[in-house]
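Report on the following structure.
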Amino acid sequence: MEFESRRRIRIGLNLVPLINVIFLLLIFFMLAGTLRAPEHFPIVRPLSTTGDSSQLEPLYEPVELLVTSDGRLALNGREVSRAELPAALAAEFRGGASPAVAFKIDARAATGDMLDLIGTLRTAGARLVLLATRPPDRQ
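First residue of the sequence shown? That's 4 in the numbering used here, and the numbers climb one at a time after it.
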């Protein structure tokens, strides 16, 4: 008499769907975490006690100008000298960039330098100069 062999039921977890979900979450958080490019120089923005820029909607993407406390300049993430700034700005505006400049200056920079640079921006063709500040600390 020959008996039929029983099929063994395999007990175990299939981890492939779990690994797929983990990789999808990893990709999502990698993309969501890189929405803003880092600034070329570390700066401390001046404190603003009035105005609320969170209510403003930008009309177009401005050209970004960073100014450190020691006078170094970066235009759209590329370091430029003061002598090169007017030509670099004109090239940006000719290249299709909007005639707006987001002016991010260090709070410890000299006020005279800021005024000279705003004049340079205007003569280079900037129609709108936005001064980036930080909101007051809320407690």
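All C-beta atoms in this analysis are idealised placements derived from N, C-alpha and C, irrespective of residue type, glycine included. Given the structure is predicted, the values throughout are model-derived calculations rather than measurements.
What is the rounded straight-line gap between the Cα of residue i and the Cα of residue j?
i           : j          : result
residue 106 : residue 67 : 6 Å
residue 97  : residue 70 : 23 Å
residue 112 : residue 64 : 25 Å
residue 31  : residue 22 : 14 Å
residue 85  : residue 35 : 35 Å
residue 135 : residue 20 : 46 Å
residue 10  : residue 17 : 20 Å
residue 5   : residue 15 : 31 Å
residue 138 : residue 87 : 32 Å
residue 13  : residue 33 : 37 Å
Can you say whether residue i is buried or exposed, counting buried as having 16 or more other CB atoms within 10 angstroms of its CB?
i           : result
residue 95  : buried
residue 127 : buried
residue 124 : buried
residue 28  : exposed
residue 78  : buried
Confirm, please, whether the CB-CB distance from residue j to residue i is below 8 Å.
i           : j           : result
residue 104 : residue 133 : yes
residue 89  : residue 130 : no
residue 119 : residue 74  : no
What distance in whole Å lies between the Cβ atoms of residue j and residue i, which are believed to be in contact at a cut-off of 8 Å?
i           : j          : result
residue 91  : residue 83 : 5 Å
residue 109 : residue 46 : 4 Å
Based on the DSSP output, what are the partners of residue i in its beta bridges?
i           : result
residue 106 : 68, 134
residue 81  : 78
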